[in-house]
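S.K.:
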Amino acid sequence: AAYGGVVPEIAARSHVEMIAEVTRRAMVEAGMGYDGLDGIAATAGPGLVGGVMVGLSFGKAAALARGLPLVAVNHLEGHALSARLGAEVAYPFLLLLVSGGHCQLLEVRGVGDMSRIGATIDDAAGEAFDKIAKALGLGYPGGPALERLAMQGDGSRIDLPRALLGRKDCDFSFSGLKTAAFRIAQTCETEQDKADLADAVQSAIARQLSDRSERALAAYAETHDHKLFVVAGGVAANKMIRATLQATAAKHGFDFLAPPMAFCTDNAAMIALAGAERLALGLTSDIDVVARPRWPLDEARALSDPSHRPGRKGAKA
Ligand code: KG4
Ligand code: ZN
1 AAYGGVVPEI AARSHVEMIA EVTRRAMVEA GMGYDGLDGI AATAGPGLVG
51 GVMVGLSFGK AAALARGLPL VAVNHLEGHA LSARLGAEVA YPFLLLLVSG
101 GHCQLLEVRG VGDMSRIGAT IDDAAGEAFD KIAKALGLGY PGGPALERLA
151 MQGDGSRIDL PRALLGRKDC DFSFSGLKTA AFRIAQTCET EQDKADLADA
201 VQSAIARQLS DRSERALAAY AETHDHKLFV VAGGVAANKM IRATLQATAA
251 KHGFDFLAPP MAFCTDNAAM IALAGAERLA LGLTSDIDVV ARPRWPLDEA
301 RALSDPSHRP GRKGAKA
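Just so we're aligned: 61 in this note's numbering is position 61 of the sequence shown, and the numbers increase by one with no gaps anywhere.
(1) Check whether the Cβ of D266 lies closer than 6 Å to any heavy atom of the ligand ZN, and answer yes or no.
(2) Less than 7 Å between the C-beta atoms of V235 and V52, yes or no?
(3) Between which residues of its own chain and L297 is the CB-CB distance below 6 Å, once the five residues before and five after are set aside?
(4) Give me the Cα-Cα distance between G78 and L94, rounded to the nearest whole angstrom.
(5) Am I right that G39 and L81 are in contact with their C-beta atoms under 8 Å? What's the rounded C-beta distance?
(6) Can you tell me which of the three DSSP states Q246 falls into?
(7) Look up F58 in the DSSP assignment and say whether it is helix, strand or coil.
(8) With DSSP as the reference, identify every bridge partner of Q104, one or two as the case may be.
(9) S173 and D122: beta carbons closer than 7 Å?
(10) Please name the residue, chosen from K227, H226, R148 and S14, that lies closest to V201 on a Cα-to-Cα basis.
(11) CA-CA distance, M261 and I271?
(12) Tell me the DSSP bridge mates of N74?
(13) Counting pairs of Cβ atoms below 8 Å between the segment 29-47 and the segment 280-299, do you hit three or more?
(14) Skipping 5 residues on each side, what residues in its chain have a beta carbon closer than 6 Å to that of F129?
(15) Would you grab the beta carbon distance between R278 and G112 for me? Rounded to a whole angstrom, and I think it's under 8 Å.
(16) Candidates K134, S14, E127 and A206: which alpha carbon is nearest K239's?
(17) Return yes when the Cβ of A198 is within less than 7 Å of the Cβ of L337, no when it is not.
(18) Could you compute how far the alpha carbon of A65 sits from the alpha carbon of C188?
(19) Pull up the distance between the alpha-carbon of T23 and that of D171, whole angstroms please.
(20) Should L85 and L281 be called a contact, given that it needs their Cβ atoms to be closer than 7 Å?
(21) Provide the residue span of the alpha helix (DSSP H) that contains V28, from first to last.
(22) For A198, which three-state DSSP category applies?
(23) What separation, rounded to the nearest whole angstrom, lies between the Cα atoms of I287 and L245?
(24) Below 7 Å between beta carbons: does that hold for Y140 and G4?
(25) Tell me G110's beta-bridge partners as DSSP assigns them.
(26) With the cut-off set at 7 Å, would you say D266 and L228 are in Cβ contact?
(27) Measure the alpha-carbon distance for H226 versus P92 and round it to whole angstroms.
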């Protein structure tokens with residue numbers, strides 16, 4: 001919060017300073033020691049690689065020292081499975097993964113078995129929340145702050161761009177919305193103006209998430225009998241977005257599920273769950289597994305899609 005966002009170098013150093021104590025405290029709170037563990041799961045990417053390297057190295061050290069299997073987990077896979085922390089959820093299901101770094105629709109058939117149906121071609125939804133919140137002078141993280149402000153506003157008179165609406169695919173775009181919101185933020189004079197803009201932004205993001213999901217739901221329903229729509233990731237904590245998606249799911253005859261609030265934003269429980277599911281299938285990792293700043297869930301699709309430029313470091317999502 002003091003820096004208005006994550007400063008990679010400071011974050012990596014904080015990981016080094018905190019990880020032993022955080023791990024010790026988690027074990028105390030869970031009432032268990034290393035003797036009670038079947039394996040060690042550690043996030044191996046994607047994300048700011050300094051922090052990821054610290055966690056993965058710590059996990060490797062613990063696994064080596066205790067003679068336990070190591071499971072390197074994709075952070076996004078943790079989000080993808082997180083609804084299973086709060087309820088019995090059978091595979092397969094259609095997933096909308098909306099976080100600070102990602103916005104994609106996936107068919108989830110099981111751990112390590114997911115196909116990407118659509119993804120953002122520019123910013124992620126959470127990134128849009130955070131950047132627009134910053135332009136409105138709100139604290140970090142911006143999503144929850146913008147949600148609180150939006151409750152006092154009425155954005156119905158503000159016209160924001162409807163990106164990609166009506167397009168046949170299931171991709172997302174938030175950069176036009178962001179630019180328009182920045183421009184309007186500069187003209188806000190009162191707190192009420194800001195609250196109205198916050199409400200308009202939240203509605204526009206919800207509308208786009210719902211519109212893109214609708215296309216995916218319609219296509220998914222043609223090939224699946226078990227109709228379940230799951231939303232996960234930090235943005236899934238937003239009450240208005242949850243309610244909008246629930247209504248969209250109901251309209252198409254789908255059951256709807258979102259993880260309990262505490263498991264929407266980043267948490268270790270979802271990584272433990274993905275690790276446990278992988279361990280049960282014998283999908284363990286070698287001790288020389290490396291941390292990856294980029295690691296798409298559906299690697300083949302991420303590399304083959306011309307509308308999503310891979311960038312210098314490889315395919316992002
Ligand atoms: O999944 P997450 O904790 O971290 C990533 O993997 O990115 O997601 C964090 C993102 C941030 O962009 C944050 O602003 C957003 O989720 N977020 C929200 C809310 N709570 C968190 N966005 C909208 N409304 C919320 N209540
Ligand atoms: Zn996350």
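The C-beta atom is built at its ideal place from N, Cα and C for all residues, glycine as well. The model shown is predicted, which means the values in this text are computed figures rather than measured ones.
M.R.: From the atom records:
(1) Indexing the sequence shown from 1 puts residue 266 at position 266. Taken from the Cβ of D266, at least one heavy atom of the ligand ZN lies inside 6 Å.
(2) In the sequence shown, counting from the first residue as 1, residue 235 sits at position 235. In the sequence shown, counting from the first residue as 1, residue 52 sits at position 52. Against a cut-off of 7 Å, the Cβ pair of V52 and V235 comes out as no contact.
(3) Taking the first residue of the sequence shown as position 1, residue 297 is located at position 297. Answer for L297: L76 and M114, listed in chain order.
(4) Numbered from 1 along the sequence shown, position 78 holds the residue referred to as residue 78. Numbered from 1 along the sequence shown, position 94 holds the residue referred to as residue 94. Their Cα atoms are separated by approximately 15 Å.
(5) Translated into positions along the sequence shown, residue 39 becomes position 39. Translated into positions along the sequence shown, residue 81 becomes position 81. Their Cβ separation, rounded to whole angstroms, is 16 Å, which puts G39 and L81 out of contact at 8 Å.
(6) Walking along the sequence shown from the start, residue 246 turns up at place 246. Q246 falls in the helix class under three-state DSSP.
(7) Residue 58 sits at position 58 when you count from the first residue of the sequence shown. Helix.
(8) Position 104 of the sequence shown holds residue 104. Partner(s): L97 and A119.
(9) In the sequence shown, the residue the question calls residue 173 occupies position 173. In the sequence shown, the residue the question calls residue 122 occupies position 122. Yes, these two residues count as a Cβ contact at 7 Å.
(10) By 1-based counting over the sequence shown, the position of residue 201 is 201. For V201, the nearest C-alpha among the options comes from R148.
(11) For the purposes of this step, residue 261 is taken as the residue at position 261 of the sequence shown. For the purposes of this step, residue 271 is taken as the residue at position 271 of the sequence shown. In a straight line, the C-alpha of M261 is about 16 Å away from that of I271.
(12) Residue mapping note: residue 74 aligns to position 74 of the sequence shown, counting from 1. G45, per the DSSP bridge assignment.
(13) Three or more pairs of CB atoms, one per stretch, sit closer than 8 Å, so the segment 29-47 contacts the segment 280-299.
(14) As a working note, residue 129 is residue 129 in the sequence shown. Same-chain partners within the cutoff: G142, G143 and L146.
(15) Stepping through the sequence shown from its first residue, residue 278 is reached at position 278. Stepping through the sequence shown from its first residue, residue 112 is reached at position 112. At roughly 7 Å, the Cβ-Cβ gap stays under 8 Å, so R278 and G112 are in contact.
(16) Against the sequence shown, residue 239 aligns to sequence position 239. The shortest C-alpha separation from K239 is found at A206.
(17) No information on residue 337 is available, as it lies outside the stretch 1 to 317 that the chain covers here.
(18) Within the sequence shown, residue 65 is the residue found at index 65, counting from 1. Within the sequence shown, residue 188 is the residue found at index 188, counting from 1. Distance between the alpha carbons of A65 and C188 is about 58 Å.
(19) Translated into the one-based positions of the sequence shown, residue 23 becomes position 23. Translated into the one-based positions of the sequence shown, residue 171 becomes position 171. Taking the straight line from one Cα to the other gives about 38 Å.
(20) Looking up residue 85 in the sequence shown gives position 85. Looking up residue 281 in the sequence shown gives position 281. Result no, Cβ atoms of L85 and L281 do not sit closer than 7 Å.
(21) Reading the sequence shown from its first residue, position 28 is the one you call residue 28. Counting along the chain, the alpha helix (DSSP H) containing V28 begins and ends at P8 to A30.
(22) As a working mapping, residue 198 is identified with position 198 in the sequence shown. Helix.
(23) Walking along the sequence shown from the start, residue 287 turns up at place 287. Walking along the sequence shown from the start, residue 245 turns up at place 245. Taking the straight line from one Cα to the other gives about 41 Å.
(24) Walking along the sequence shown from the start, residue 140 turns up at place 140. Walking along the sequence shown from the start, residue 4 turns up at place 4. Between Y140 and G4, the gap from beta carbon to beta carbon is short of 7 Å.
(25) Mapped onto the sequence shown, residue 110 falls at position 110. Paired residues: D113.
(26) Mapped onto the sequence shown, residue 266 falls at position 266. Mapped onto the sequence shown, residue 228 falls at position 228. Against a cut-off of 7 Å, the Cβ pair of L228 and D266 comes out as no contact.
(27) Here the question's residue 226 lines up with position 226 in the sequence shown. Here the question's residue 92 lines up with position 92 in the sequence shown. Taken atom to atom, the span from the alpha-carbon of H226 to that of P92 is near 8 Å.
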